[in-house]
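Protein chains in written order, with this note's numbering: chain B, -14 to 101; chain H, 268 to 400.
Put into structure tokens, the structure is as follows:
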């Protein structure tokens, strides 16, 4: 199983699935960066709406991916973090760096458009 | 009736299996969605530590009762190298694997009880517990 990356206009939309292993998360990171280069995407939208665990490893991969995308000139928006995941994320002591967050994909696309 | 589930940890997939089984039992016991998430995340951190450092061991998830209060206990056991400085390992931001260093201290914050025993070259045993309100 791999993480699907969909191109929509000048944006990339990535939906992380629940059974995401550490390997898959790192593989997704590589794939996303390559797709950004291939497609010259202006924005990256990561959809976490079905993810019910964000542990320290996935938290790090998200931050790293956003930082790497930013180095390449692409903004990252994370959409759909569940309430329980938000609570746990804070208690775990994780931080979001260089990432804008929105409620859902629709808001994410609006935000990316406004950033252009 | 008490339930106990054991998951052997030797691959990355086992980390996912352990946290899914933990969430399932937490849900069965009546834990809230937020607590289910805390428990699953705590298990994920402990299972990953086994995989990263031991690199094999097991996670045992059990239903527990104390003073007629229902709870869940997770035991993470390995025969790995052990932790040389537990105080340091429980410090936010300390990591020997280039990680974030949030795993153990974070896990401690997510749970109601946290116990750690570790002996060099013998192994590590961590017990975490969460009680129903």
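We put the CB at the ideal spot given by N, CA and C, even for glycine.
What you are looking at is a predicted structure, and each value in this text was computed from that prediction instead of being measured.
Contact list for residue 44(B) against chain H, beta-carbon separation under 9 Å: Ordered by position in chain H, the residues that pass the 9 Å Cβ test against residue 44(B) are 367 and 369.
Closer than 8 Å at the beta carbon, the chain H residues around residue 78(B): Contacts between residue 78(B) and chain H, judged by CB atoms closer than 8 Å, involve 359, 369, 372, 373 and 376 in chain order.
Whole angstroms are fine: how far does the CA of residue 57(B) sit from the CA of residue 328(H)? 43 Å
When burial is assigned at 16 or more other CB atoms within 10 Å of the CB, is residue 363(H) buried or exposed? Exposed: under 16 other Cβ atoms inside 10 Å.
List the residues of chain B whose Cβ lies closer than 7 Å to the Cβ of residue 312(H), in chain order. 40 and 41
The region 22 to 37 of chain B / the region -13 to 3 of chain B touching (three or more Cβ pairs under 8 Å): yes
Let me see if you follow: with CB-CB separation under 8 Å, is residue 280(H) close to chain B or not? yes
9 Å Cβ cut-off: residues of chain B touching residue 274(H): Per Cβ cutoff of 9 Å: no residues; residue 274(H) is ~14 Å from chain B at best.
Taking C-beta to C-beta, are residue 273(H) and residue 325(H) nearer than 8 Å? yes
Consider the Cβ of residue 4(B): report whether some Cβ of chain H lies at a distance smaller than 8 Å. Residue 4(B) counts as touching chain H.
Out of 298(H), 335(H) and 288(H), which one is the CA nearest neighbour of residue 268(H)? 335(H)
Could you work out which residues of chain B lie near residue 300(H), taking near to mean beta carbons separated by less than 7 Å? 69
Output the residue ranges of the beta strand (DSSP E) runs that lie fully inside the region 3 to 86 of chain B and measure 3 residues or longer, sorted by chain position. 28 to 32 and 60 to 64
Return the Cβ separation of residue 300(H) and residue 397(H) in integer angstroms, given the expectation that the two are a contact with Cβ distance under 8 Å. At roughly 13 Å, the Cβ-Cβ gap does not stay under 8 Å, so residue 300(H) and residue 397(H) are not in contact.
Within chain H, partners of residue 50(B) - CB distance below 8 Å: Near residue 50(B) there are no residues of chain H at all, since even the closest Cβ is about 14 Å away, more than 8 Å.
According to the neighbour-count rule (16 or more other Cβ atoms, all chains shown, within 10 Å of its Cβ), is residue -13(B) buried or exposed? exposed
Given 8 Å, three or more beta-carbon pairs between the region 338 to 356 of chain H and the region 307 to 320 of chain H: yes
For residue -2(B), which residues does DSSP report across the bridge? -9(B) and 30(B)
Quick check: is the beta carbon of residue 7(B) nearer than 8 Å to any beta carbon in chain H? yes
For residue 376(H), which option in 0(B), 74(B) and 9(B) has the closest C-alpha, if you only look at C-alpha atoms? 74(B)
Closest Cα partner of residue 35(B) within the set 93(B), 68(B), 84(B) and 77(B): 68(B)
Report the CB separation of residue 330(H) from residue 367(H) in whole angstroms; it is logged as a contact under 8 Å. Contact flag wrong, Cβ pair sits at about 31 Å.
Closest Cα partner of residue 276(H) within the set 308(H), 395(H) and 313(H): 313(H)
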